[in-house]
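Undergrad:
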Amino acid sequence: MHISINTKESKFDRDFNDLREQIRTKTIFNKSGYAGELGIYIFQYEPQDELLIRAETKKILEEFSSEHDGVNICELDLYGLALEILEDKNLLQTVLNYESQQNPKDFTQSLKGPLKLANFITKIESKLSEEINLIFITGIGKIYPYLRAHTLIEKLPEITDNHPVMIFYPGQFNGTELKLLNIPEENENNYRAIPFN
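Right, here's the structure in full:
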């Protein structure tokens with residue numbers, strides 16, 4: 305009889321414990337990334353662990369809330385930002401009404417204009433303040449295919465005021481290649497981000 309030890313869970317715990325420790329000791333605030341900028345980190349995880357990731361990031365945000373020991377984390381959920389963008393453009397109700405009636409390909413195409421990168425950048429910029437010293441970006445899988453990680457990563461240094469960014473990424477990252485949702489044809493090259501785990 306073979307008893308399987310849940311090593312994935314222990315790696316999961318190790319990764320989050322490491323993240324907590326780097327936040328607690330402020331190590332993550334002092335690491336240099338591409339071209340000497342503070343880092344943009346990829347916290348990669350298996351797509352099926354999405355709910356566990358959401359729960360664990362929520363715990364971290366609660367642990368370090370109220371500028372605990374000088375730590376002020378801002379979470380930017382890209383899916384939530386997409387809904388805000390549509391609401392700002394008075395399109396949200398229309399989108400919700402027509403989603404089930406449209407061909408999925410046509411529906412996806414119709415949202416590419418309102419959900420273009422520039423609109424996300426503007427929305428992200430509006431959420432940031434000087435008090436923030438760490439940014440969590442979540443929801444990259446939920447917003448696919450409207451926003452791609454590599455295009456966002458290229459623009460982040462322009463708006464994050466040299467604050468470290470942790471992107472929770474449902475897929476794989478080997479240091480140069482992002483593979484969203486572990487789908488081979490969805491590979492994206494990126495040289496700015498640093499693997500966290």
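Here the sequence shown is numbered in my numbering, starting from 305 and rising by one per residue.
Virtual Cβ for every residue (Gly too), placed ideally from N, Cα, C.
In this text the structure is predicted, and so the values were computed from the model without any measurement.
On a Cα-Cα basis, can you pick out the residue from L395, T331, N486 that is closest to K416?
TA: Residue 416 sits at position 112 when you count from the first residue of the sequence shown. The candidate whose alpha carbon is nearest that of K416 is L395.
Undergrad: Would you mind working out which of I425, K363, V399 sits nearest L380, comparing C-alpha positions?
TA: For the purposes of this step, residue 380 is taken as the residue at position 76 of the sequence shown. If we check each option's Cα against that of L380, I425 comes out closest.
Undergrad: Tell me the DSSP bridge mates of F440?
TA: Here residue 440 is taken as the residue at index 136 of the sequence shown, counted from 1. F440 is bridged to E379, M470.
Undergrad: If the criterion is Cβ atoms closer than 8 Å, does the pair Y345 and I457 meet it?
TA: As a working mapping, residue 345 is identified with position 41 in the sequence shown. As a working mapping, residue 457 is identified with position 153 in the sequence shown. Not a contact, by the Cβ cut-off of 8 Å.
Undergrad: Three-state secondary structure (DSSP) at K393?
TA: For the purposes of this step, residue 393 is identified with residue 89 of the sequence shown, where counting begins at 1. Coil, per DSSP.
Undergrad: Express the C-alpha separation of Q406 and K362 in angstroms, rounding to a whole number.
TA: On the sequence shown, residue 362 is found 58 positions in, with the first residue counted as 1. On the sequence shown, residue 406 is found 102 positions in, with the first residue counted as 1. Cα to Cα, the separation comes out at about 34 Å.
Undergrad: Which of helix, strand or coil does DSSP assign to Y349?
TA: Here residue 349 refers to the residue found at position 45 of the sequence shown. DSSP places Y349 in strand when its eight states are reduced to three.
Undergrad: Can you list, in chain order, the residues of its chain whose CB lies under 6 Å from that of I471, leaving out five sequence neighbours each side?
TA: Here residue 471 refers to the residue found at position 167 when the sequence shown is read from its first residue. Hits under 6 Å: I346, I441.
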